[in-house]
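Here the structure comes first, spelled out in structure tokens, and everything after it is commentary.
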Amino acid sequence: MEKYNKRMGDFRITENAAIAENYSLLKLIPVEGLLSDSAIRPGQFVQVVTPNNATYLRRPISICYIDNDANEMWLLIRKAGDGTRALCDQPNGATINMIYSLGNGFDLSEAGSSPLLIGGGVGVAPLLNLGAELNRQGIKPTFLLGARSAKDVLLAEEFAKYGDVHVSTEDGSAGEKGLVTTNTILNSEFTHIYCCGPMPMMKAIAKIAREKSTPCEVSLENVMACGVGACLCCVEKTTAGNVCVCKEGPVFNIDQLLW
Ligand SMILES: Cc1cc2nc3c(=O)[nH]c(=O)nc-3n(C[C@H](O)[C@H](O)[C@H](O)COP(=O)(O)OP(=O)(O)OC[C@H]3O[C@@H](n4cnc5c(N)ncnc54)[C@H](O)[C@@H]3O)c2cc1C
Ligand code: FES
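Here the sequence shown is numbered in my numbering, starting from 161 and rising by one per residue.
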């Protein structure tokens, strides 16, 4: 049986909001069809054509949130280079082409009653849809968001709709001063940890999860080209050998990883 349900289609930008310096939140609706028909799961991603041929290859972006009532998909984008900058610069009403929804997504059946969702920087993106879905299943998650400073804390008000929000900033201008790995909320007990962010952060969280014997999943952001398992450029070494993060991930239980 097909593990996931891939489609290609044009999406129209209904709103492009610059929510922080170098970050845009794009709200998009499919030109044709209903997102609810696509069985999109938290943790999956899209491959986006960058406007005006800014880049030769599509760019992978996490699905931040799905609003089925509005038939709307949200993408949270950090300006990293030419492709993401071109996406952030698109006006309302512009159309972009996407392949969706790719990858495996988070395992919600493992959440338990009190999961902790940890995001660093733009890595918070897939955790909004995850938090919303957990909430729909009657689970109130705890969020831990990491950023450089207060102005870079992303979507905190949106996260607060679904659970308690804790923040770490490197300069101490919001929440606790320091990295997410030193936030005191980590002294509490959680049934499961879901994490997405820079690789050193995820490795440090994986170490803490192992020490506390808390099951943990991480969403990897290896550089990708095709996004569908054909080019092998996103390979990660796992306990099952080399696997394509785009197809077998991007979410892995840390027990699968050789970290
Ligand atoms: C599964 C997945 C989900 C992602 N979700 C998001 C998201 O929700 N929002 C978002 O803004 N970005 C996300 N990214 C990262 C995003 O794909 C890259 O920032 C983007 O491809 C860079 O393209 P560019 O043309 O703007 O920059 P480029 O000119 O291609 O690169 C600019 C800089 O970014 C670095 N870079 C390129 N790809 C990555 C990557 N995968 N991870 C980290 N650094 C990279 C390059 O090494 C270079 O230093 C995701 C990546 C993956 C694999
Ligand atoms: S990006 Fe081509 S195989 Fe993963």
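Even for Gly, the Cβ is constructed at its ideal location relative to N, Cα and C.
None of these values were measured; they are calculated from a predicted model.
Self-check item: When N257, H326, P375 are compared against T302, the one with the closest alpha-carbon
Solution: H326
- Item | Three-way DSSP call (helix, strand, coil) for C376 in this model | strand
So T341 packs on S309, CB below 8 angstroms; how close in whole Å? Actually they are not in contact, since the Cβ atoms of T341 and S309 sit about 17 angstroms apart, beyond 8 angstroms.
According to DSSP, which residues form a beta bridge with Y260?
R167
- Query: So which of V383, G401, C376 has the shortest CA-CA distance to F412?
  - Reply: C376
Please classify V383 as buried or exposed, where buried requires at least 16 other C-beta atoms within 10 Å of its C-beta. exposed
Under the three-state DSSP convention, the category M161 falls into
Model confidence at M161 stands at a pLDDT of 39, short of 50, so the residue's coordinates are unreliable; what they give is reported in the following sentence. In this structure, M161 counts as coil in the three-state DSSP scheme.
query: Exposed or buried, P190, counting other C-beta atoms within 10 Å across all chains shown (16 or more means buried)?
result: buried
- Query: What did DSSP end up calling K407 once you bin it into helix, strand or coil?
  - Reply: helix
Worksheet item: Given D415, which residues of its chain have a CB within under 6 angstroms of its CB, disregarding the five upstream and five downstream residues?
Response: none
(message) Any residue with its C-beta under 7 angstroms from a non-hydrogen atom of ligand 2 counts. Can you list them all in chain order?
(response) M384, A385, C386, G387, V388, G389, A390, C391, L392, C393, C394, C404, V405, C406, K407
Simplified DSSP state of N402, which is helix, strand or coil:
strand
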